[in-house]
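*Asks:* Could you have a look at this structure, given as structure tokens, before my questions?
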Ligand SMILES: [Zn+2]
Ligand SMILES: [Zn+2]
Ligand SMILES: [Zn+2]
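Numbering (the numbering used here), first residue to last: 1141 to 1428.
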């Protein structure tokens, strides 16, 4: 980064009491939030180990949220939530990366299997090596690549992959990737949320200025000649071929990428802007 930027503060909303706090302050607020303490004290039902996780985007840090999830939940449950709330556009692949271990959304176990017997007339190439030789070759390759990063599936429970203090990575779509970083902030014994994940806090919709007039942008022109540009309604309509090649501005780190149009569950849509007295923040779109 070469350009100097003003100090920028990103604000978000506590979903328990409705109060605003800065990104830095929210972790502290959630520890002392009265409404949250009361809600926890009033919890009824069987308790389980819960993880409090903060998620944000390393190259667009104004997107962040705090969530609570069962520690025993398989990673795929967290994957499903992140897709639903922030990233899913066309069912791309995803992965979690914890240290040197990859947890893949599509992992198929690679084991050696003898080739199926094909009818003689379908055989295009005669078998050059025998089945036994193929097995030996497979084992040799397995040994050769044994120090490569370990690959697992997402059926692994969170508590087996991470613990309090762990930071890890989530990547969605290997073509036009959206990368998130996660940190397990703390754990507690509590009643797990009904639908898997409890949202504790989220960032307000950041201000993305129209590149023509500086007003709040509503769309991204992804077919812009010099790359994607953010535009307000008025200036978007002046672009030839409007509305082709436009994506809506949504409160997600995947805004303007691939075919992303926002969360596919309405309850996950959060487009609230910060209260006026906090709105000193002005984020340019490509500020990384
Ligand atoms: Zn609160
Ligand atoms: Zn896509
Ligand atoms: Zn404009």
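Beta carbons are placed, not taken as given, at the ideal position from N, Cα and C, and that holds for glycine. As the structure is a prediction and not an experimental result, all values here were calculated from the model.
Is the beta carbon of residue 1203 closer than 8 Å to that of residue 1393?
*Replies:* Against the chain shown, residue 1393 aligns to sequence position 253. Against the chain shown, residue 1203 aligns to sequence position 63. Contact flag set, yes.
*Asks:* In whole angstroms, what separates the C-alpha of residue 1119 from that of residue 1331?
*Replies:* Look at the range of the chain in this structure, 1141 to 1428, and you will see that residue 1119 is not part of it.
*Asks:* For residue 1301, tell me which candidate among 1155, 1205, 1212, 1355 has the shortest Cα-Cα distance.
*Replies:* Indexing the chain shown from 1 puts residue 1301 at position 161. Ranking the options by Cα distance to residue 1301, first place goes to 1212.
*Asks:* Measuring only the C-alpha atoms, how far is residue 1346 from residue 1156?
*Replies:* The sequence position of residue 1346 within the chain shown is 206, counting from 1. The sequence position of residue 1156 within the chain shown is 16, counting from 1. Rounded to the nearest angstrom, the two C-alpha atoms are 21 Å apart.
*Asks:* What are the partner residues of residue 1279, as DSSP defines its beta bridges?
*Replies:* For this step, residue 1279 is matched to residue 139 along the chain shown. According to DSSP, residue 1279 bridges with nothing at all.
*Asks:* Measure from the alpha carbon of residue 1319 to the alpha carbon of each residue in 1395, 1407, 1171, 1158, then state which is nearest.
*Replies:* As a working mapping, residue 1319 is identified with position 179 in the chain shown. Considering only alpha carbons, the answer is 1395.
*Asks:* Quick check on the burial criterion: 16 or more other C-beta atoms within 10 angstroms. Buried or exposed for residue 1374?
*Replies:* The residue labelled residue 1374 in the question sits at position 234 within the chain shown. Under this definition residue 1374 is an exposed residue.
*Asks:* Which residues in the same chain have their Cβ closer than 8 Å to the Cβ of residue 1180, if we skip the five residues on either side of it in sequence?
*Replies:* On the chain shown, residue 1180 is found 40 positions in, with the first residue counted as 1. Answer for residue 1180: 1328, 1330, listed in chain order.
*Asks:* Does the segment 1235-1244 come within contact of the segment 1362-1369, defined as at least 3 CB pairs closer than 8 Å?
*Replies:* Not touching, per the Cβ criterion.
*Asks:* What does a CB cutoff of less than 8 Å around residue 1159 pick up in its chain, not counting 5 residues either side in sequence?
*Replies:* Locating residue 1159 in the chain shown gives position 19, where the first residue counts as 1. Closer than 8 Å at the Cβ level, and outside the excluded window around residue 1159, lie 1153, 1169, 1173.
*Asks:* In the DSSP assignment, what residue or residues form a beta bridge with residue 1247?
*Replies:* Taking the first residue of the chain shown as 1, we reach residue 1247 at position 107. Paired residue(s): none; residue 1247 is not in a bridge.
*Asks:* Could you give the DSSP three-state label for residue 1269: helix, strand or coil?
*Replies:* Indexing the chain shown from 1 puts residue 1269 at position 129. In the structure shown, residue 1269 sits in coil (DSSP, three-state: anything other than H, G, I, E or B).
*Asks:* With hydrogens ignored, establish whether the beta-carbon of residue 1377 is closer than 7 Å to any heavy atom of ligand 3.
*Replies:* By 1-based counting over the chain shown, the position of residue 1377 is 237. For ligand 3, not one heavy atom lies less than 7 Å from the Cβ of residue 1377.
*Asks:* With a threshold of 16 other CB atoms inside 10 Å of the CB of residue 1387, please say whether the residue is buried or exposed.
*Replies:* One-based indexing of the chain shown puts residue 1387 at position 247. Label assigned to residue 1387: buried.
*Asks:* Excluding the 5 residues preceding and the 5 following residue 1163 in the sequence, name in chain order all residues of the same chain whose CB lies nearer than 6 Å to its CB.
*Replies:* Your numbering for residue 1163 matches position 23 in the chain shown. Result list for residue 1163: 1150, 1204, in chain order.
*Asks:* Taking 7 Å as the line, does the beta carbon of residue 1192 fall inside it for any heavy atom of ligand 1?
*Replies:* Counting from one through the chain shown, the residue named residue 1192 turns up at place 52. Result no, Cβ not under 7 Å from ligand 1.
*Asks:* Kindly provide the ranges of any beta strand (DSSP E) runs that are 3 or more residues long and lie completely inside the segment 1315-1357, ordered along the chain.
*Replies:* Counting only runs of 3 or more, we get 1318-1330, 1337-1343.
*Asks:* Would you give the residue range spanned by the beta strand (DSSP E) that residue 1208 belongs to?
*Replies:* For the purposes of this step, residue 1208 is identified with residue 68 of the chain shown, where counting begins at 1. Residues 1204-1210.
*Asks:* Taking the C-alpha atoms as reference points, what is the distance between residue 1403 and residue 1227?
*Replies:* Locating residue 1403 in the chain shown gives position 263, where the first residue counts as 1. Locating residue 1227 in the chain shown gives position 87, where the first residue counts as 1. Roughly 7 Å between the two C-alpha positions.
*Asks:* When the Cα atoms are used, what is the spatial distance from residue 1412 to residue 1419?
*Replies:* As a working note, residue 1412 is residue 272 in the chain shown. As a working note, residue 1419 is residue 279 in the chain shown. Near 12 Å, if we compare the C-alpha coordinates of residue 1419 and residue 1412.
*Asks:* Once DSSP output is grouped into helix, strand and coil, what is the label at residue 1407?
*Replies:* As a position in the chain shown, residue 1407 is number 267, starting the count at 1. Looking at residue 1407 - three-state DSSP - the assignment turns out to be helix.
*Asks:* Hey, quick one: how far does the beta strand (DSSP E) through residue 1191 stretch, first residue to last?
*Replies:* One-based indexing of the chain shown puts residue 1191 at position 51. It spans 1188-1196 - the beta strand (DSSP E) in which residue 1191 sits, taken as one unbroken run.
*Asks:* Closest to residue 1210 by CA distance: which of 1385, 1335, 1344 is it?
*Replies:* The residue given as residue 1210 occupies position 70 in the chain shown. Looking at the Cα atoms, 1335 is the closest of the given residues.
*Asks:* Which same chain residues end up closer than 7 Å to residue 1175 when comparing Cβ atoms and leaving out the 5 residues on each side of it in sequence?
*Replies:* Numbered from its first residue, the chain shown carries residue 1175 at position 35. Excluding sequence neighbours, residue 1175 sits near 1156, 1157.
*Asks:* Quick check on the DSSP output: the beta strand (DSSP E) that includes residue 1155 runs from which residue to which?
*Replies:* Numbered from 1 along the chain shown, position 15 holds the residue referred to as residue 1155. First-last for residue 1155: undefined, no H or E at that position.
*Asks:* Grab the span of the alpha helix (DSSP H) containing residue 1165 for me, first residue to last.
*Replies:* Along the chain shown, read from residue 1 onward, the residue named residue 1165 stands at position 25. Note, residue 1165: alpha helix (DSSP H), 1163-1172.
*Asks:* Could you check what DSSP says for residue 1221 in three-state terms: helix, strand or coil?
*Replies:* Stepping through the chain shown from its first residue, residue 1221 is reached at position 81. Reduced to three states, the DSSP call for residue 1221 is helix.
*Asks:* Indicate the three-state DSSP secondary structure (helix, strand or coil) for residue 1291 in the structure shown.
*Replies:* For the purposes of this step, residue 1291 is taken as the residue at position 151 of the chain shown. Correct three-state label for residue 1291: strand.
*Asks:* Between residue 1287 and ligand 2, is there a pair consisting of the residue's CB and a ligand heavy atom that are separated by less than 7 Å?
*Replies:* Counting from 1 along the chain shown, the entry for residue 1287 is found at position 147. The answer is no for residue 1287.
*Asks:* Measuring from each Cβ to the nearest heavy atom of ligand 2, keep the ones under 5 Å and list them in chain order.
*Replies:* Qualifying residues come out as 1229, 1230, 1398, 1399.
*Asks:* Taking three-plus beta-carbon pairs below 8 Å as touching, is the segment 1218-1238 in contact with the segment 1309-1325?
*Replies:* Taking 8 Å as the limit for Cβ pairs, the verdict is that the segment 1309-1325 does touch the segment 1218-1238.
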